[in-house]
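In full-length UniProt numbering, the protein residues as written are 1 to 528.
Worksheet: the structure to be examined is printed underneath.
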């Protein structure tokens, strides 16, 4: 971005060169001259700001005022209705509350619709498309460059074995973690996937190889990870799973590269997710047979937009890591989002892509929600049961589920599930900024093995009860989760206290890391 330039107004006091009388014509002329230079400098600085000199467009200003008015009116309404509720008979209370929530929902959605239009106003949408493509092309090109060294036998390599003892989503994230460290340490990633439980022939039978020219693990010297500096002279380094990584390098989520940070924070609502998604994008390049199968499934299932993705994870997580969520809990948010979509597009049919490992759920959903069209590859549901999770068929199932979930307009799921987070990551690569296209019934976004996720307090908070923790502006908060009720839970790192605080009183603390910048790769991109 532009460097901050401070121009001090000098109309007040100006120290004149010694020996010149205060009112001499020479001095006045110099002053006027300096003043003109200052004015010109100020004009120049203003013209460097990102807005055109003629100011924001008419659409943008009208929408901004509309949003401002909408928020004001919403508050008037809430204030007045809540006062009325205090006087209602207890018998009629529930009915009044339900009606109130309905009205509030409608009003809130109208403001969100205005904000959507504001985000697209005066060519901003087109700019975002262009900027997103440029940034992604830049990163994809750098990864391709790193992965295809001129001489594989001399290249520094990072070995990563896909066979971590967990499911597909978790294994994919394991490879992403390896890739991020490879990119950070300028080593070509060698992916070992022989006897992969999901495809015995290895990664390349399903996806394109991670390198066209360098897939061989041999080198003059091989060693286990012992830190970037210690490993400098070792050609081939084997990386452990993130759970036992020591020492931990800075190249881990949720950090983003310093050289892209300004552009990313301007473009995207959750830059750390965007950065993770670029590695997922490079990995997720299906072989021709799988691509064909994806296209056939799209037609066969009647997958069309608008459509909302619902992922219900039951067999292997419930009772251990995750709580049971009935279908109603998901559908509340599906209905809510369809009402939002209806304000800005024609919804011919309310479609839901249902991905689940519970084969009885599709029937239940269809009978409870007859006004919806549920699309589900039911054979997928059968193959995801625990007994046959590790077969080629179940891999095809999970890949197709992730593929379709990532292509929906909006995702309702539990972020405790890797499959859902992978779908959300891929979604980021299909839109300039899809950071808000989800509702999670449990966790906020995280990346297994990530460094601390911190927020910074921007407003003070006085606890209302014993569950709350106090905040002062500038306090760093380690966030544990968002309760999706206006409050988040976390630890105030200054006071060491853990508890609740209003989510709006903090902002994300984005960590940047000096990643290598790959100028040689960027040069190739500029060549015609």
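Yeah, the Cβ is synthetic: ideal placement off N, Cα and C, and Gly gets one too.
To the nearest angstrom, how far is it from the Cα of residue 8 to the Cα of residue 461? On the chain shown, residue 8 is found 8 positions in, with the first residue counted as 1. On the chain shown, residue 461 is found 461 positions in, with the first residue counted as 1. Here the model assigns residue 8 a pLDDT of 42, short of 50, so the residue's position is not dependable and the matter cannot be decided.
Using 10 angstroms around the beta-carbon of residue 10, count the other beta-carbons present and answer buried if the total reaches 16, otherwise exposed. Here residue 10 is taken as the residue at index 10 of the chain shown, counted from 1. Only weak support is given to the placement of residue 10: the predicted model assigns it a pLDDT of 42, under 50, and the value that follows is read from those uncertain coordinates. Answer is exposed; the Cβ neighbour count stays below 16.
Going residue by residue through the segment 429-484, where are the continuous beta strand (DSSP E) segments of at least 3 residues, counting only ones entirely within it? 438-440, 454-457, 476-482
Taking contact to mean 3 or more Cβ pairs, one atom from each stretch, closer than 8 Å, check whether the segment 402-410 and the segment 303-317 are in contact. They touch, by the three-pair rule.
So, under 8 Å CB-CB, residue 314 and residue 357 are touching, yes? Tell me the CB distance rounded to an integer number of Å. Numbered from its first residue, the chain shown carries residue 314 at position 314. Numbered from its first residue, the chain shown carries residue 357 at position 357. With 8 Å as the limit, residue 314 and residue 357 qualify as a contact, their Cβ atoms being about 6 Å apart.
Alpha helix (DSSP H) containing residue 179: first to last residue? Taking the first residue of the chain shown as position 1, residue 179 is located at position 179. Its alpha helix (DSSP H) spans residues 168-185.
Along the chain, where does the alpha helix (DSSP H) that runs through residue 64 open and close? The residue you call residue 64 lines up with position 64 of the chain shown. Looking at the DSSP string, the run of the alpha helix (DSSP H) that includes residue 64 is 58-85.
Which two residues bound the contiguous alpha helix (DSSP H) that contains residue 347? Taking the chain shown and counting its residues from 1, the one referred to as residue 347 is at position 347. Here residue 347 belongs to no alpha helix (DSSP H), and DSSP marks it neither H nor E.
Distance, Cα to Cα, residue 399 vs residue 180? Start at 1 with the first residue of the chain shown, and residue 399 comes out as number 399. Start at 1 with the first residue of the chain shown, and residue 180 comes out as number 180. Their backbone Cα atoms lie some 22 Å apart in a straight line.
Terminal residues of the continuous beta strand (DSSP E) containing residue 527? Stepping through the chain shown from its first residue, residue 527 is reached at position 527. Looking at the DSSP string, residue 527 is not in any beta strand (DSSP E), and its letter there is neither H nor E.
Our contact map puts residue 441 next to residue 329 with C-beta atoms below 8 Å; I'd like the distance itself, whole angstroms only. Against the chain shown, residue 441 aligns to sequence position 441. Against the chain shown, residue 329 aligns to sequence position 329. Confirmed, about 6 Å.
Here's a check: name, in chain order, each residue in its chain whose Cβ is nearer than 7 Å to the Cβ of residue 189, leaving out the five neighbours to either side. The residue you call residue 189 lines up with position 189 of the chain shown. Spatial neighbours of residue 189 in its own chain (CB-CB distance under 7 Å, excluding positions within 5 residues in sequence) are listed in chain order as 147, 158, 160, 178, 179, 182, 210.
Beta-carbon proximity check, residue 479 vs residue 456, cutoff 8 Å: Your numbering for residue 479 matches position 479 in the chain shown. Your numbering for residue 456 matches position 456 in the chain shown. No, Cβ-Cβ distance for residue 479 and residue 456 is not below 8 Å.
Take residue 71 and list the residues in its own chain whose beta-carbon comes closer than 8 Å to its own, dropping the five residues that flank it on each side. Along the chain shown, read from residue 1 onward, the residue named residue 71 stands at position 71. Around residue 71: 111.
Straight-line gap, residue 482 to residue 365 (C-alpha atoms, nearest Å): As a first step, residue 482 must be located in the chain shown, where it is residue number 482. As a first step, residue 365 must be located in the chain shown, where it is residue number 365. Distance between the alpha carbons of residue 482 and residue 365 is about 28 Å.
Within 10 Å of its beta-carbon, does residue 5 have 16 or more other beta-carbons around it, so buried, or fewer, so exposed? Residue mapping note: residue 5 aligns to position 5 of the chain shown, counting from 1. Only weak support exists for where residue 5 lies, its pLDDT of 42 falling under 50; the coordinates are left without a value.
Taking only the alpha-carbon atoms, compute the straight-line gap between residue 22 and residue 40 and give it to the nearest angstrom. The sequence position of residue 22 within the chain shown is 22, counting from 1. The sequence position of residue 40 within the chain shown is 40, counting from 1. Confidence at residue 22 is low in this model, with a pLDDT of 49, below 50, so its placement is unreliable and no value can be given for it.
By DSSP, does residue 22 sit in helix, in strand, or in coil? As a working note, residue 22 is residue 22 in the chain shown. Here residue 22 scores only 49 on pLDDT, less than 50, and its place in the model should not be relied on; the value that follows carries that caveat. Residue 22 falls in the coil class under three-state DSSP.
Proximal residues to residue 219 (C-beta, below 7 Å), its chain only, five neighbours per side dropped: Within the chain shown, numbered from 1, the residue matching residue 219 stands at position 219. Shown here for residue 219: same chain residues with a beta carbon closer than 7 Å to its own, the five before and five after excluded, namely 157, 235, 236 in chain order.
Can you say whether residue 414 is buried or exposed, counting buried as having 16 or more other CB atoms within 10 angstroms of its CB? Position 414 of the chain shown, counted from the first residue, corresponds to residue 414. Result: buried.
How do the segment 80-97 and the segment 129-140 stand: do at least 3 beta-carbon pairs fall below 8 Å, yes or no? no
From 518, 343, 272, pick the residue whose C-alpha is nearest to that of residue 454; which is it? As a working mapping, residue 454 is identified with position 454 in the chain shown. For the residues 518, 343, 272, the minimum Cα distance to residue 454 belongs to 272.
For residue 145, which residues from the same chain have a beta carbon less than 8 Å from its beta carbon, with the 5 sequence-adjacent residues on both sides left out? Within the chain shown, residue 145 is the residue found at index 145, counting from 1. Within the same chain, residue 145 has close Cβ partners 518, 520, 521, 524.
Extent of the continuous beta strand (DSSP E) to which residue 237 belongs: The residue given as residue 237 occupies position 237 in the chain shown. Segment 236-238, the beta strand (DSSP E) holding residue 237.
Given residue 118 as reference, the closest of 344, 107, 423, 164 once Cα atoms are compared: Position 118 of the chain shown, counted from the first residue, corresponds to residue 118. Between residue 118 and the set 344, 107, 423, 164, the nearest pair of CA atoms involves 344.
Compare the C-alpha of residue 170 against each of 504, 422, 103 and name the closest. Taking the first residue of the chain shown as 1, we reach residue 170 at position 170. That would be 422, whose Cα lies nearest to the Cα of residue 170.
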